[in-house]
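*Asks:* Heads up: the sequence shown begins at 0 in numbering that gives the first Met the number 0, then just goes up one per residue. Dropping a structure here in structure tokens format, bear with me for questions.
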Amino acid sequence: MKSTHHGSDTLLTETVTHLRSMLGPEMEQLTVERAVIGIFFSGIQLSNGEGGICFTPVKEIPEAVCCPSSARAMPNSGKLVGQPVGYYIQRMQQGGPLQKALGIAVLNALSATCWRLTPPESYQLIHGVDPVENRTIDKDAEVVVIGALVPYFRMLKGREKPFTILEKDPRTLKPDEMEYFQPQENAGKCIAAADLLIITGTTLINDTLEGILDQMKTGAKAVLVGPTASMLPDAFFSRGITSIGGIMVTDAGRLLDTLAEAGSGYHFYGKSAERLVIEKHTD
0 MKSTHHGSDT LLTETVTHLR SMLGPEMEQL TVERAVIGIF FSGIQLSNGE
50 GGICFTPVKE IPEAVCCPSS ARAMPNSGKL VGQPVGYYIQ RMQQGGPLQK
100 ALGIAVLNAL SATCWRLTPP ESYQLIHGVD PVENRTIDKD AEVVVIGALV
150 PYFRMLKGRE KPFTILEKDP RTLKPDEMEY FQPQENAGKC IAAADLLIIT
200 GTTLINDTLE GILDQMKTGA KAVLVGPTAS MLPDAFFSRG ITSIGGIMVT
250 DAGRLLDTLA EAGSGYHFYG KSAERLVIEK HTD
């Protein structure tokens, strides 16, 4: 029986604890030199030059339609630059969706700092590859994709086997993708039957990831994908994630310029960031 982890932010809280243990006093001395909230991704640059990004959760703030309610969505606008990382972490844990996104971006930049200072030993960082593309999927495997992960839809269609799409907003799916869609009420049953789960990193923002992992059957594989999930993997591996597909920022300033101009992965991969797979060493 898999243990149940209580608290929606336990994964992020454990990651913060691990970051503090690795970076020590240096972590509290780091500040955020620049912050950008773009339409698709939000990002930050630390005072040590490292950058991190996170999906911008626009749909999580439907109340932001006029000046007073929009101000509540991001009350600390204009006061972000120069703040210590601890400020962002506190806001991530106590604030709204946009503050959470910036906090996750900070965790990603801090994780990159850890990897630069102390290369990992218990897992490996593989640059420039996708975590699913080169994976051998058994022909009879039950595959479930959680989130509107269009490149994987295309990949799985080419496999010519049934698969399942779970997505909170089916309006994001094209007509030819709807045949694979299952509504929210069937999600638990689909997750429990899956042999391979491909999960969007956005589940870290909307607090659904831990619940998904708790429903996985023993022996199932889970891959977490997207720039949002570019952080120390220990808390994720301990809950059944087998591989993480994130990014490594290579030019933080250029990346933030791109995000400020409504840039997405197509605009920054190979220019200011590269794909990164984080996975355990295979025995």
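Don't be surprised by glycine CBs; every beta carbon is placed ideally from N, CA and C.
Is residue 238 helix, strand or coil when you go by DSSP?
*Replies:* Stepping through the sequence shown from its first residue, residue 238 is reached at position 239. Residue 238: coil per DSSP, three-state reduction.
*Asks:* Can you tell me whether DSSP reads residue 247 as helix, strand or coil?
*Replies:* Counting from 1 along the sequence shown, the entry for residue 247 is found at position 248. Three-state result, residue 247: strand.
*Asks:* For residue 99, list the residues DSSP reports as bridge partners.
*Replies:* Here the question's residue 99 lines up with position 100 in the sequence shown. For residue 99, which the question treats as bridged, DSSP gives no partner whatsoever.
*Asks:* Hey, how far is the Cα of residue 44 from the Cα of residue 178?
*Replies:* Here residue 44 is taken as the residue at index 45 of the sequence shown, counted from 1. Here residue 178 is taken as the residue at index 179 of the sequence shown, counted from 1. In a straight line, the C-alpha of residue 44 is about 41 Å away from that of residue 178.
*Asks:* Taking the alpha-carbon positions, what's the residue 180 to residue 84 distance?
*Replies:* As a first step, residue 180 is located in the sequence shown; it is residue number 181 there, counting from the start. As a first step, residue 84 is located in the sequence shown; it is residue number 85 there, counting from the start. Distance between the alpha carbons of residue 180 and residue 84: 40 Å.
*Asks:* Could you tell me whether the segment 230 to 239 touches the segment 199 to 219, using the rule of 3 or more Cβ pairs below 8 Å?
*Replies:* Counting Cβ pairs under 8 Å, three or more are found: they touch.
*Asks:* Return helix, strand or coil for residue 3, following the three-state DSSP convention.
*Replies:* As a first step, residue 3 is located in the sequence shown; it is residue number 4 there, counting from the start. Note that residue 3 scores 42 on pLDDT, short of 50, meaning its location in the model is unreliable and no value can be drawn from it.
*Asks:* To the nearest angstrom, how far is the alpha carbon of residue 99 from that of residue 92?
*Replies:* Translated into the one-based positions of the sequence shown, residue 99 becomes position 100. Translated into the one-based positions of the sequence shown, residue 92 becomes position 93. Cα to Cα, residue 99 sits roughly 7 Å from residue 92.
*Asks:* Determine contact between the segment 103 to 121 and the segment 49 to 58, defined as no fewer than three beta-carbon pairs at a distance below 8 Å.
*Replies:* Judged by Cβ distances under 8 Å, the segment 103 to 121 makes contact with the segment 49 to 58, as three or more pairs qualify.
*Asks:* Can you give the Cα-Cα distance for residue 246 and residue 276, rounded to whole angstroms?
*Replies:* As a position in the sequence shown, residue 246 is number 247, starting the count at 1. As a position in the sequence shown, residue 276 is number 277, starting the count at 1. Their Cα atoms are separated by approximately 8 Å.
*Asks:* Residue 224: which of 77, 197, 234 sits nearest, CA to CA?
*Replies:* Position 225 of the sequence shown, counted from the first residue, corresponds to residue 224. It is 197 whose Cα lies nearest to the Cα of residue 224.
*Asks:* Buried or exposed: which applies to residue 265, given that a residue is buried once 16 or more other Cβ atoms fall within 10 Å of its Cβ?
*Replies:* The sequence position of residue 265 within the sequence shown is 266, counting from 1. Counting Cβ neighbours within 10 Å, residue 265 comes out exposed, since fewer than 16 surround it.
*Asks:* For residue 217, which beta-bridge partners are listed by DSSP?
*Replies:* Mapped onto the sequence shown, residue 217 falls at position 218. DSSP lists no partner for residue 217.
*Asks:* In three-state DSSP terms, what is residue 160?
*Replies:* Locating residue 160 in the sequence shown gives position 161, counting from the first residue. It is coil, neither helix nor strand.
*Asks:* Skipping 5 residues on each side, what residues in its chain have a beta carbon closer than 7 Å to that of residue 9?
*Replies:* In the sequence shown, the residue the question calls residue 9 occupies position 10. Excluding sequence neighbours, residue 9 sits near 209.
*Asks:* Going straight from the alpha carbon of residue 149 to that of residue 134, what length do you get?
*Replies:* Residue 149 sits at position 150 when you count from the first residue of the sequence shown. Residue 134 sits at position 135 when you count from the first residue of the sequence shown. One C-alpha to the other measures close to 17 Å.
*Asks:* Who does residue 303 pair with in a DSSP beta bridge?
*Replies:* Outside the shown range of the chain (0 to 282) lies residue 303, about which nothing can therefore be said.
*Asks:* Beta-carbon within less than 6 Å of residue 164's beta-carbon, same chain only, minus the 5 sequence neighbours each way: which residues are those?
*Replies:* Counting from one through the sequence shown, the residue named residue 164 turns up at place 165. For residue 164, where only same-chain residues beyond five positions count, the Cβ hits under 6 Å are 144, 179, 180.
*Asks:* Determine the closest residue to residue 154 out of 129, 169, 46, 167, with distance taken between C-alpha atoms.
*Replies:* The residue given as residue 154 occupies position 155 in the sequence shown. Taking only the C-alpha atoms, the option nearest residue 154 is 129.
*Asks:* Any idea if residue 6 is buried or exposed, counting beta-carbon neighbours within 10 angstroms, 16 or more meaning buried?
*Replies:* Your numbering for residue 6 matches position 7 in the sequence shown. Bear in mind that a pLDDT of 39 at residue 6, under 50, signals an unreliable position, so the number given afterwards is only what the model happens to contain. Label assigned to residue 6: exposed.
*Asks:* For the structure I just gave you, are there three or more beta carbon pairs, one from the segment 29 to 44 and one from the segment 248 to 259, closer than 8 Å?
*Replies:* Because the criterion of three Cβ pairs below 8 Å is met, the segment 29 to 44 and the segment 248 to 259 touch.
*Asks:* Locate the alpha helix (DSSP H) running through residue 88, then write down its first and last residues.
*Replies:* As a working note, residue 88 is residue 89 in the sequence shown. 84 to 93 is the extent of the alpha helix (DSSP H) around residue 88.
*Asks:* Measuring alpha carbon to alpha carbon, tell me which of 58, 116, 157, 234 ends up nearest residue 170.
*Replies:* Taking the first residue of the sequence shown as position 1, residue 170 is located at position 171. Checked all of 58, 116, 157, 234; the closest Cα to residue 170 is 58.
*Asks:* Could you tell me which of 86, 12, 121, 32 sits nearest to residue 279, measuring between CA atoms?
*Replies:* On the sequence shown, residue 279 is found 280 positions in, with the first residue counted as 1. Closest by alpha carbon: 121.
*Asks:* Just mark residue 269 as buried or exposed, buried being the case when its beta carbon has 16 or more other beta carbons within 10 Å.
*Replies:* Working through the sequence shown from its first residue, we reach residue 269 at position 270. It is exposed - the Cβ of residue 269 has fewer than 16 other Cβ atoms within 10 Å.
*Asks:* Which value, in whole angstroms, describes the spacing of the CA atoms of residue 273 and residue 195?
*Replies:* For this step, residue 273 is matched to residue 274 along the sequence shown. For this step, residue 195 is matched to residue 196 along the sequence shown. Distance between the alpha carbons of residue 273 and residue 195: 25 Å.
*Asks:* What do you get for residue 35, buried or exposed, if any count of 16 or more other CB atoms within 10 angstroms of its CB means buried?
*Replies:* By 1-based counting over the sequence shown, the position of residue 35 is 36. So residue 35 counts as buried.
*Asks:* What are the start and end residues of the alpha helix (DSSP H) that includes residue 190?
*Replies:* Locating residue 190 in the sequence shown gives position 191, where the first residue counts as 1. First-last of the alpha helix (DSSP H) with residue 190: 186 to 192.
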